[in-house]
Each structure stands twice: as structure tokens, then as C-alpha cells.
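Here the sequence shown is numbered in full-length UniProt numbering, starting from 1 and rising by one per residue. Report on one structure; see the data block that follows.
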Amino acid sequence: MTSHPDNPQLQLALDFIRYTNQNVFLTGKAGTGKTTFLRNLKHESPKRMVVVAPTGVAAINAGGVTIHSFFQMSFGPQIPQTNPSLSISNPAGLNAPTAIKRYSKEKINIIRSMDLLVIDEISMVRADLLDGIDEVLRRFRNRHQPFGGVQLLMIGDIQQLAPVVKEDEWQLLKSYYKTCYFFSSRALQQASFTSIELKHIYRQSDQEFIDLLNQIRENKADSSTLAKLNQRHRPNFEPDNDEEYITLTTHNYQAQQLNQTKLKALRAPAQSFEANVYDDFPEFLYPTDFQLVLKTGAQVMFVKNDSSPEKLYYNGKIGKITQMDEDYIEVTCRGDAAPIVVERDKWLNAKYTINKETQEIDEEVIGSFEQFPLKLAWAITIHKSQGLTFEKAIINARQSFAHGQVYVALSRCKSLEGLVLSTPIDHQSIKNDATVSSFSEKVEQDAPGDTELQQAKKQYQKHLLTELFDFKPIRWQLQYLIKLCDEHGALLIGDLRSKLLAILPRLDAELLAVSSKFERQIQQLLAQSPDAESNELLQQRVKRACQYYLEKLKEVLLQPLESAGFETDNKAVRKSFRDGFEKLHRELDSKQKVLECSQEGFQVKKYLEVKAHASLDLKGKTAARGTSQTIASEHPDFLRELLAWRSLKAEKDSTTISRILPQKTLLTIANELPATQVDLQEIKGMGGKKMQQHGKDLLEMTIAYRKKHQMELPENADQEPIKAMLDSKHMSYALFKAGKSITDIARERKLSSSTIEGHLNHFVAQGELSLKGLVEEDKQQAILKQLKKSKAPSMSALKSAMGDQFSYSEIRFVLAYFNAKNKK
Numbered sequence: 001m002t003s004h005p006d007n008p009q010l011q012l013a014l015d016f017i018r019y020t021n022q023n024v025f026l027t028g029k030a031g032t033g034k035t036t037f038l039r040n041l042k043h044e045s046p047k048r049m050v051v052v053a054p055t056g057v058a059a060i061n062a063g064g065v066t067i068h069s070f071f072q073m074s075f076g077p078q079i080p081q082t083n084p085s086l087s088i089s090n091p092a093g094l095n096a097p098t099a100i101k102r103y104s105k106e107k108i109n110i111i112r113s114m115d116l117l118v119i120d121e122i123s124m125v126r127a128d129l130l131d132g133i134d135e136v137l138r139r140f141r142n143r144h145q146p147f148g149g150v151q152l153l154m155i156g157d158i159q160q161l162a163p164v165v166k167e168d169e170w171q172l173l174k175s176y177y178k179t180c181y182f183f184s185s186r187a188l189q190q191a192s193f194t195s196i197e198l199k200h201i202y203r204q205s206d207q208e209f210i211d212l213l214n215q216i217r218e219n220k221a222d223s224s225t226l227a228k229l230n231q232r233h234r235p236n237f238e239p240d241n242d243e244e245y246i247t248l249t250t251h252n253y254q255a256q257q258l259n260q261t262k263l264k265a266l267r268a269p270a271q272s273f274e275a276n277v278y279d280d281f282p283e284f285l286y287p288t289d290f291q292l293v294l295k296t297g298a299q300v301m302f303v304k305n306d307s308s309p310e311k312l313y314y315n316g317k318i319g320k321i322t323q324m325d326e327d328y329i330e331v332t333c334r335g336d337a338a339p340i341v342v343e344r345d346k347w348l349n350a351k352y353t354i355n356k357e358t359q360e361i362d363e364e365v366i367g368s369f370e371q372f373p374l375k376l377a378w379a380i381t382i383h384k385s386q387g388l389t390f391e392k393a394i395i396n397a398r399q400s401f402a403h404g405q406v407y408v409a410l411s412r413c414k415s416l417e418g419l420v421l422s423t424p425i426d427h428q429s430i431k432n433d434a435t436v437s438s439f440s441e442k443v444e445q446d447a448p449g450d451t452e453l454q455q456a457k458k459q460y461q462k463h464l465l466t467e468l469f470d471f472k473p474i475r476w477q478l479q480y481l482i483k484l485c486d487e488h489g490a491l492l493i494g495d496l497r498s499k500l501l502a503i504l505p506r507l508d509a510e511l512l513a514v515s516s517k518f519e520r521q522i523q524q525l526l527a528q529s530p531d532a533e534s535n536e537l538l539q540q541r542v543k544r545a546c547q548y549y550l551e552k553l554k555e556v557l558l559q560p561l562e563s564a565g566f567e568t569d570n571k572a573v574r575k576s577f578r579d580g581f582e583k584l585h586r587e588l589d590s591k592q593k594v595l596e597c598s599q600e601g602f603q604v605k606k607y608l609e610v611k612a613h614a615s616l617d618l619k620g621k622t623a624a625r626g627t628s629q630t631i632a633s634e635h636p637d638f639l640r641e642l643l644a645w646r647s648l649k650a651e652k653d654s655t656t657i658s659r660i661l662p663q664k665t666l667l668t669i670a671n672e673l674p675a676t677q678v679d680l681q682e683i684k685g686m687g688g689k690k691m692q693q694h695g696k697d698l699l700e701m702t703i704a705y706r707k708k709h710q711m712e713l714p715e716n717a718d719q720e721p722i723k724a725m726l727d728s729k730h731m732s733y734a735l736f737k738a739g740k741s742i743t744d745i746a747r748e749r750k751l752s753s754s755t756i757e758g759h760l761n762h763f764v765a766q767g768e769l770s771l772k773g774l775v776e777e778d779k780q781q782a783i784l785k786q787l788k789k790s791k792a793p794s795m796s797a798l799k800s801a802m803g804d805q806f807s808y809s810e811i812r813f814v815l816a817y818f819n820a821k822n823k824k
């Protein structure tokens with residue numbers, strides 16, 4: 001990886017990222033090479049990294065994605081919980097979101113396997129947004145560590161542009177945060193971070209101008225400083241057309257107005273160039289106008305670095321259009337030997353993915369934007385100029401409204417001579433936040449050196465070794481599953497709780513207690529020789545320890561868990577258990593892999609690589625674990641057969657398994673093995689309709705199971721009319737013929753009275769049932785009389801003619817009887 005012997009701060013930052021897990025805040029004045037450092041790091045990163053930025057333009061420039069899109073966060077405030085005390089389940093003190101966001105498996109895999117999160121333009125990131133990042137990372141990684149244990153690289157100058165926070169948003173947030181700046185984040189205050197300030201300024205070479213900028217940046221501008229700057233005040237300054245000045249304004253409308261006025265004043269005809277947008281490239285990410293309207297003579301700015309070997313232009317370079325065609329635009333820049341022929345260029349919108357072959361984090365292009373890399377450049381807002389460099393600029397900062405705005409505008413210029421002030425700068429124009437100044441002073445005072453680097457490097461190795469032999473996360477997942485058993489025991493069948501409780505004593509005695517003692521040995525050995533990778537005695541102990549723990553992991557955890565199972569009809573409970581088992585097995589698989597890779601010795605690079613790959617999705621390996629395997633039943637194999645039958649039945653009928661039969665009903669059937677219809681009906685849950693729907697299948701399965709296992713059968717089992725069980729209508733008919741009323745039948749069969757009436761009406765219409773017991777004799781005669789008067793009357797016509805003293809069911813019974821009689 002590229003080294004920086006000529007820039008000790010850049011080299012120090014690189015070493016902290018490569019050799020430690022310290023969070024790093026990389027800062028520096030404008031023009032000190034922060035953006036260049038990030039570009040190089042992206043190509044040569046020693047760790048699996050993801051780059052995010054607070055705005056779309058910043059994300060495209062940094063070659064990353066926006067914070068909101070990657071972490072799927074809303075644009076509103078991320079409100080912390082009222083009680084600031086932290087808990088194990090919510091260490092950052094954040095509210096659980098009202099609706100848990102769903103993340104794709106690929107996104108979860110990326111979060112779980114990344115080593116380094118780079119946040120560019122950190123000065124514009126609000127404290128609550130950083131806490132929101134912490135909440136997502138803890139959710140999918142280590143919930144007990146700030147940011148889930150991911151290393152942060154925060155890049156930006158806190159003295160430049162501040163976070164955007166609306167007044168109504170700050171009213172919600174000010175009860176929880178001292179300031180809106182990133183360093184007020186609760187999670188960041190829990191996590192230590194090392195601040196490295198880049199000192200060498202590449203953009204300006206004039207020391208007098210650099211000193212002036214520093215005084216503005218640090219809020220130390222006195223009357224002498226302002227007097228020197230205001231020597232560049234040129235009221236009503238109108239540069240010559242070939243001088244290529246750009247005006248920096250505080251507000252967007254000012255820049256747009258000036259650009260359009262200047263463009264309109266040109267006599268040349270306007271020509272419009274429409275961008276080509278492919279696939280997923282949202283409008284807010286457009287780096288220049290979709291409809292680029294230009295004229296010959298227009299002043300333009302390049303909005304991209306030249307990707308060709310010639311490097312003819314850079315982001316921020318100013319020039320004038322001298323010729324245009326459909327396929328090219330010729331731009332002449334002051335000082336260049338020849339015009340630049342500009343063709344359309346492409347910007348890519350990417351997302352992070354896991355490479356299936358290498359298992360590394362890759363950037364997958366999901367969309368692109370093709371346009372000439374130009375925009376009108378008589379004026380631009382100060383916000384949009386951040387990160388750019390100009391030879392000549394006119395600055396209108398009288399209406400500055402944000403911290404750092406004047407400093408950003410002034411520091412865009414390469415020299416004092418190239419700077420013109422359209423309005424003078426006074427103390428009121430310079431907005432500085434005392435909290436920011438105090439933070440910046442602390443950063444300067446706490447600058448780390450090689451001593452701190454070496455200490456952090458040793459701490460990192462010690463941390464990884466401790467992590468290698470730490471079995472507490474596995475115990476936490478076991479405890480969580482036991483807690484689920486306690487909360488939802490009434491909805492479970494199986495012996496999961498007892499199996500999990502039986503694991504804990506051996507886990508504590510043979511893994512946790514031993515690892516606690518071994519951790520003390522590691523500390524003693526590191527005290528003798530701090531570099532873990534070259535400590536031979538430590539390496540020997542690590543090799544033996546890995547062999548011991550791999551055997552115990554299999555014996556104490558993996559084998560017992562193979563026979564621990566459960567079953568439940570409740571979808572939410574089943575999902576909770578499946579998620580719990582998935583996390584437990586992910587911990588176990590990851591632990592097994594890192595122990596295996598360290599059997600030949602501990603190496604940081606190899607350990608991180610194996611750990612990252614192990615944290616990826618287990619591709620379905622855990623999906624089948626933690627389900628019904630050994631369930632507390634008299635005949636567990638028959639219970640599994642019944643459960644499988646129920647699942648197939650539910651799938652065939654497009655319904656849920658609980659609507660087929662409750663699991664406790666199946667458990668009772670598996671325990672009692674009823675072989676007659678009478679015995680089956682007596683089981684709770686098998687009355688009425690359920691008996692009719694499933695009785696035949698269940699009796700056949702039970703009798704087959706008894707025969708297979710040579711179990712005794714009741715004397716009347718074989719004579720039981722299994723294959724000719726009455727359908728629902730016949731059951732109602734049989735009960736009615738046995739002397740039961742419609743109300744009694746409905747109650748017994750757990751059906752509505754109207755359903756029973758429909759069953760019986762079927763037999764009346766077939767001529768198999770008389771009206772006796774269904775309709776009173778005098779009502780029969782009255783309805784029959786009306787039927788003989790009418791020709792093919794409808795039910796509604798009959799009801800209207802008969803009046804309210806006759807019910808629909810009575811009329812329906814008589815009509816069925818009348819039609820059956822006429823049919824005969």
C-alpha cells in the first residue's frame with residue numbers, strides 16, 4: 001500500500017487504519033489532501049470498507065453512497081429515548097424504531113462483514129444521524145459495542161460547512177444533544193477516537209494568504225486581518241470576459257440568477273444537451289444539469305476530473321466555450337496551450353454487494369448518468385464549492401448564514417491575488433461556533449504520535465486475541481432463547497428449554513471459566529513481548545488452546561443442540577425462535593472458523609479475513625436448525641408425521657397450519673393414538689367440522705402407525721367406517737333423525753343454525769325428509785296455498801306475500817318440499 005514518507009500525518013492516519021481498530025477523525029484545513037487520501041484508500045484499503053457521505057453530491061464525489069440510502073434511515077430526526085441511561089439491549093440509548101426496517105440479506109451480510117466504515121464530509125453529519133448509524137450496526141453486529149465494533153474513519157474539517165438542522169428539528173433534538181455536530185453523538189462519546197490533523201496545505205503556497213485563512217478559520221480575525229482581506233474589495237467589479245472569474249454566493253437563487261442573466265446576454269444561439277440516464281440514478285444525485293443549456297462564449301466549470309491519461313481538466317477548472325457540436329464541446333481555459341475538446345463523460349451510481357466468488361465487498365454499478373462534465377460557472381453557491389479549487393473567484397459573503405461559510409468561500413482560491421470581494425467582510429459576516437473552536441483546539445492538543453500508534457497496535461492484537469477466546473456472546477444467545485421459552489412456553493411443544501438449560505453448566509465450567517483464566521495468561525505473555533505475532537511462547541499457547549476449545553465447542557454445544565427442538569403454531573413466536581437460533585449458530589460457526597484458522601498460529605490479517613467471511617450469511621444452514629427435531633411426546637416420530645401431514649394439508653388448502661388443527665390436538669393424538677371414531681371425537685379440537693374434514697385421514701394414519709409398530713388395536717377398529725365417514729350434511733341429517741333439534745345440532749357441531757338448516761333442506765329437496773319437526777302444520781298449509789296460487793315465485797315474492805310471521809327458513813323448507821313432490 002502507498003506510503004507517505006514526506007507527509008507524517010498521512011502516514012500516521014494510514015497506519016492507524018491498517019494496524020489498529022481505533023476510530024480515526026482525519027481533519028485538516030482546506031486543501032490539505034483529505035479527498036486525495038480517501039481516493040487512494042479506496043483503491044488500496046487493507047480492510048473491507050464501505051464509504052458513505054451525508055449528501056448525494058458528496059457521495060458521488062467520494063465514490064460511495066449516501067448515509068440515508070445505505071442505512072435505510074429517514075431524513076427526519078433520530079430521536080433518542082427519554083431515559084438517557086443505557087441498557088444492554090439498547091446500549092446507545094436510542095428508541096427502537098416504531099416499524100423495524102427490513103434489510104436485504106445482502107445488505108446485512110455487508111454490514112456484518114465490513115471492517116471499516118468511512119464517513120466523508122463528517123462536518124455535515126448531525127449527532128443524531130451518527131447515533132442512527134450506531135443503532136443499525138449494533139442491530140446486525142455486536143450490540144454491546146459502539147457502532148457494533150466497526151472501525152470508523154471520519155473525514156472532514158469541522159471548521160467548514162456545518163450540519164443542516166431546521167429549527168423545528170432542533171427543538172426536538174436539543175433536549176438530548178449539546179450541539180448538532182457529530183462529536184456530540186452519544187455513541188461516539190462511548191467510543192474513543194483518535195484525531196489526526198493534516199498540516200501541509202497543497203492548494204495555497206502564499207504564506208500570508210494561508211495565515212489570513214487560518215485566522216478566519218480559527219475565529220481569530222482582528223481588524224488588521226479584515227483590513228488585509230478587504231484590500232481585495234472591488235465594488236461593482238466587472239471582470240473582462242476572458243478573465244474567467246467565478247462568483248461564490250451564499251444562496252442558490254443568487255447563483256442561478258447571475259448565471260441566467262449572463263447566459264441571456266450572449267448573442268450566440270443556445271444549444272441544449274440532454275443527459276442519458278440509465279437504470280437507477282436518482283435526480284438528486286445528478287452532478288450537472290439534465291438539460292444543459294449552453295452558448296458559445298459561456299463561462300463553464302468542469303465538474304469532474306479528466307479520466308484520460310492526459311488529465312487535461314479537473315473538478316473546478318474554469319473556461320469558456322469556443323465551439324460546440326452535438327458530440328463535443330470545445331472549452332478554452334486561460335493559460336492552456338490549446339482548447340480542450342470535451343466529450344460526454346459518465347458518472348456511476350453504485351451499491352455495495354458481496355462477491356460470490358471472493359466473498360469480498362464489491363461495488364456494483366446500478367445506474368449511470370452521461371452528460372458533458374460542465375455547468376455554467378459565472379456563479380456557484382459556497383456549499384456546492386466545498387472541495388473545489390479556483391484560480392480566480394468573486395466572493396459575495398455578506399449574507400452568510402452558517403458556520404464556516406466565509407472560510408470555505410475564501411479557501412477555494414489558490415491565492416490572495418485571485419480573490420475579489422464584491423462586498424466587504426466584517427465580523428458579522430464570519431459565523432463561528434465557540435463549541436467547534438473548542439473542539440478544534442482539543443484536536444490540535446491531543447495529536448497522536450508513533451508512541452500512541454504502537455500502543456494502539458498492541459491493544460488491537462490483544463483485543464483480537466481476547467475476542468478469539470471469548471464465549472460470552474454464545475452464552476448471551478443461549479440465555480435469549482431460554483428467555484423466549486419462558487415467555488412463550490404455553491405456545492410451545494417440545495423440550496427445548498430443558499435442553500438449553502442443561503448446556504449452561506458445562507458451558508460455564510469448561511469454556512467460560514477456562515477462557516477467563518487463559519485471558520490472564522495472554523496478558524502476562526503480552527507483557528513480556530507485546531507483539532503477539534512474533535511472541536513464540538504466546539503462539540504455542542494459542543495453538544494448544546484452539547485445539548482444546550474446538551473439541552469443547554463440539555462436545556458441549558454443537559452436539560447437544562442437534563437434538564434440541566420445538567414446535568409452535570404462532571408465526572411471530574416461530575420467527576423469534578428461528579431468528580434466535582440463526583444468531584446462535586452464526587456465533588458458533590464464526591467461533592469454530594476463527595479457532596480453526598488460528599490452530600497454526602495467530603495472525604491479524606488472516607484472523608480478520610476468516611472472521612469477515614464467517615460473518616456472511618450461512619446460506620440456509622441455520623434455516624432448518626432449531627425446529628422440531630426431538631419433541632416431548634409418547635411417540636415423537638408419529639408427531640412429526642402428523643406435523644408434516646398438517647403442513648402439506650395447509651399448503652394444499654392455501655391456509656395456515658393452525659387452521660387445520662392446533663398443535664396441542666396433534667400432540668394428544670400422537671400420545672393417545674385413537675383408533676376409533678368415538679375415541680378421536682373425544683380429543684379436544686376434533687369435534688364437529690374438524691372431525692368431518694380430517695377424521696378419515698387421522699384414523700387411517702393412526703391405525704397404520706399402530707400396525708407398523710405391532711401395537712394392539714381396539715376390537716372395532718377395523719370395522720370403523722373410516723372410508724365411508726359421513727359428510728357434513730349426512731351427520732346433521734343423522735342427528736336430526738335421532739331426535740335432536742336444529743339448535744342442539746348446531747351447538748354440538750359448532751356450526752350456525754342456518755348451516756344446519758341448509759343441510760336438512762338438501763334432504764327435503766331430495767324427498768328423503770318430511771316437514772315434520774321443521775315447519776308447523778298450519779304454516780305448512782298457508783305456504784303451500786300461496787305456492788299453488790303463484791307461478792314460479794321467487795323467495796322474495798313469497799316472503800312479501802306471507803308477511804313477517806313466516807321466516808325465510810320456513811318458506812325455504814316448504815318450497816323444497818313442494819318442488820320435490822311435483823318432481824315425483
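In this text, a Cβ means the ideal position worked out from N, Cα and C, and glycines have one as well.
1) Can you list, in chain order, the stretches of the alpha helix (DSSP H) that have 4 or more residues and sit fully within the region 490-520?
2) Please report the residue range of the beta strand (DSSP E) in which Y314 lies.
3) Return the residue from the list L453, G758, T32 that minimises the CA-CA distance to L12.
4) Spatial neighbours of N819 within its chain, please: CB distance less than 7 Å, with the 5 preceding and 5 following residues excluded, ordered by chain position.
5) Using DSSP with H/G/I as helix, E/B as strand and the rest coil, what is V775?
6) Whether or not the region 391-398 and the region 244-257 are in contact is what I'm after, with contact meaning three or more pairs of Cβ atoms, one per stretch, closer than 8 Å; do they touch?
7) For the region 154-223, which segments carrying the alpha helix (DSSP H) assignment without a break, of at least 4 residues, lie completely within its bounds, in sequence order?
8) Taking the alpha carbon of L774 as the point to measure from, which residue in Q260, N219, G758 has its own alpha carbon closest?
9) Using only the alpha-carbon positions, how far apart do F813 and S753 sit?
10) Taking one C-beta from the region 474-490 and one from the region 43-58 each time, how about it: are there three or more such pairs within less than 8 Å?
11) Ends of the alpha helix (DSSP H) at K375?
12) Identify, in the order they occur along the chain, each residue of the same chain with its Cβ nearer than 6 Å to the Cβ of I88, setting aside the five sequence neighbours on each side.
13) I'd like the list of long-range same chain contacts for L798, defined as Cβ closer than 8 Å, with 5 residues on each side in sequence excluded.
14) At which residue ranges does the region 111-146 contain complete alpha helix (DSSP H) runs of 4 or more residues, listed in the order of the chain?
15) Report, in whole angstroms, the separation of the C-beta atoms of F273 and F369, which I expect to be a contact under 8 Å.
16) Return the bridge partner residues of C413 from the DSSP annotation.
17) Which residue comes first and which comes last in the alpha helix (DSSP H) that contains M701?
18) Rounded to a whole number of angstroms, what is the C-alpha to C-alpha distance between residue 826 and L416?
19) List the DSSP bridge partners of E323.
20) Apply the 10 Å Cβ neighbour rule to H383 and answer buried if 16 or more other Cβ atoms are within range, or exposed otherwise.
21) Compare the beta carbon distance of L173 and A227 with 9 Å and say whether it is the shorter of the two.
22) Expressed to the nearest angstrom, what Euclidean distance is found between the alpha-carbon atoms of S534 and T66?
23) Taking only the alpha-carbon atoms, compute the straight-line gap between S552 and E510 and give it to the nearest angstrom.
24) For the alpha helix (DSSP H) containing F302, list its first residue and its last residue.
25) Between which two residues does the alpha helix (DSSP H) holding I425 run?
26) Tell me whether H488 sits in a helix, a strand or coil according to DSSP, three-state version.
27) Could I get the ranges of all uninterrupted alpha helix (DSSP H) runs contained in the region 233-272, with 4 residues as the minimum, in chain order?
28) Roughly how many whole angstroms lie between the Cα atoms of R640 and R497?
29) What is the DSSP secondary structure of M49, counted as helix, strand or coil?
30) Are the C-beta atoms of K750 and some chain B residue less than 9 Å apart?
31) Rounding to the nearest angstrom, what Cα-Cα distance links H635 and D486 in this structure?
32) Pull up the distance between the alpha-carbon of S104 and that of G695, whole angstroms please.
33) Given this structure, state the Cα-to-Cα distance separating C333 from G319, to the nearest angstrom.
34) Flag this pair as touching only if the region 542-561 and the region 501-510 have three or more C-beta atom pairs under 8 Å; answer yes or no.
35) Grab me the residues of Q291's own chain with a C-beta within less than 8 Å of its C-beta, minus the 5 sequence neighbours each way, in chain order.
36) What does a CB cutoff of less than 7 Å around P424 pick up in its chain, not counting 5 residues either side in sequence?
By the coordinates alone:
1) Runs of the alpha helix (DSSP H) inside the region 490-520: 496-507.
2) Here residue 314 refers to the residue found at position 314 of the sequence shown. Counting along the chain, no beta strand (DSSP E) covers Y314, and no H or E run does either.
3) Position 12 of the sequence shown, counting from 1, holds the residue named residue 12. Of L453, G758, T32, the residue nearest in Cα terms is L453.
4) What you label residue 819 is simply residue 819 of the sequence shown in a count that begins at 1. Correct list, in chain order: A765.
5) In the sequence shown, counting from the first residue as 1, residue 775 sits at position 775. It is coil, neither helix nor strand.
6) At 8 Å Cβ cutoff, the stretches touch.
7) When DSSP assignments are scanned along the region 154-223, the uninterrupted stretches of alpha helix (DSSP H) that are 4 or more residues long and fall wholly within it turn out to be 167-173, 186-190, 207-217.
8) Locating residue 774 in the sequence shown gives position 774, counting from the first residue. Out of Q260, N219, G758, the CA that lies nearest to the CA of L774 is found in G758.
9) The count along the sequence shown starts at 1 and reaches residue 813 at position 813. The count along the sequence shown starts at 1 and reaches residue 753 at position 753. Approximately 14 Å, taken between the alpha carbons.
10) No, the region 474-490 does not touch the region 43-58.
11) Position 375 of the sequence shown, counted from the start, is the residue given in the question as residue 375. Here K375 belongs to no alpha helix (DSSP H); instead the beta strand (DSSP E) covers 374-376.
12) Sequence index remark: in the sequence shown, residue 88 carries index 88 (1-based). The predicted model places I88 with a pLDDT of 33, which falls under 50 and marks its position as unreliable; any figure quoted below should be read in that light. The answer is none, since no qualifying residue turns up.
13) As a position in the sequence shown, residue 798 is number 798, starting the count at 1. Cβ neighbours of L798 beyond the five flanking positions: I783, Q786, L787, S790, I811, L815.
14) The qualifying runs are 127-140.
15) Position 273 of the sequence shown, counted from the first residue, corresponds to residue 273. Position 369 of the sequence shown, counted from the first residue, corresponds to residue 369. Cβ atoms of F273 and F369 stay farther apart than 8 Å, at about 13 Å.
16) Indexing the sequence shown from 1 puts residue 413 at position 413. In DSSP, C413 forms a bridge with F390.
17) Here residue 701 is taken as the residue at index 701 of the sequence shown, counted from 1. Going by DSSP, M701 is part of the alpha helix (DSSP H) stretching over 688-708.
18) The chain is shown only over 1 to 824; residue 826 falls outside these bounds and no answer can be derived.
19) Along the sequence shown, read from residue 1 onward, the residue named residue 323 stands at position 323. Here residue 323 is Gln; the residue named in the question, Glu, does not match the sequence. Answer is E330, bridged to Q323.
20) In the sequence shown, counting from the first residue as 1, residue 383 sits at position 383. Its Cβ being crowded by 16 or more others within 10 Å, H383 is buried.
21) On the sequence shown, residue 173 is found 173 positions in, with the first residue counted as 1. On the sequence shown, residue 227 is found 227 positions in, with the first residue counted as 1. Taking C-beta atoms as the reference points, L173 and A227 fail to come closer than 9 Å.
22) On the sequence shown, residue 534 is found 534 positions in, with the first residue counted as 1. On the sequence shown, residue 66 is found 66 positions in, with the first residue counted as 1. In a straight line, the C-alpha of S534 is about 41 Å away from that of T66.
23) Numbered from 1 along the sequence shown, position 552 holds the residue referred to as residue 552. Numbered from 1 along the sequence shown, position 510 holds the residue referred to as residue 510. Residue 552 is actually Lys in this sequence, not Ser. Approximately 7 Å between the Cα atoms of the pair.
24) Against the sequence shown, residue 302 aligns to sequence position 302. F302 -> not in any alpha helix (DSSP H); beta strand (DSSP E) instead, spanning 299-302.
25) On the sequence shown, position 425 is the one that residue 425 refers to. I425 -> no alpha helix (DSSP H), and no H or E assigned at all.
26) Working through the sequence shown from its first residue, we reach residue 488 at position 488. Reduced to three states, the DSSP call for H488 is coil.
27) Complete alpha helix (DSSP H) runs here, min 4: 252-265.
28) The sequence position of residue 640 within the sequence shown is 640, counting from 1. The sequence position of residue 497 within the sequence shown is 497, counting from 1. Those two C-alpha atoms are separated by around 19 Å.
29) Taking the sequence shown and counting its residues from 1, the one referred to as residue 49 is at position 49. Note: M49 maps to strand in three-state DSSP.
30) The chain labelled as chain B is not found in the depicted structure, where only one protein chain is given.
31) Here residue 635 refers to the residue found at position 635 of the sequence shown. Here residue 486 refers to the residue found at position 486 of the sequence shown. When the Cα atoms are used, H635 and D486 turn out to be separated by approximately 25 Å.
32) The residue given as residue 104 occupies position 104 in the sequence shown. The residue given as residue 695 occupies position 695 in the sequence shown. In this structure, the alpha-carbon of S104 lies about 43 Å from that of G695.
33) To locate residue 333, count along the sequence shown from 1; it is residue 333. To locate residue 319, count along the sequence shown from 1; it is residue 319. Straight through space, the alpha carbons of G319 and C333 are spaced by roughly 4 Å.
34) Taking 8 Å as the limit for Cβ pairs, the verdict is that the region 501-510 does touch the region 542-561.
35) For the purposes of this step, residue 291 is taken as the residue at position 291 of the sequence shown. These residues qualify, in order along the chain: S272, F273, E274, A275.
36) The residue you call residue 424 lines up with position 424 of the sequence shown. Cβ neighbours of P424 beyond the five flanking positions: N230, H233.
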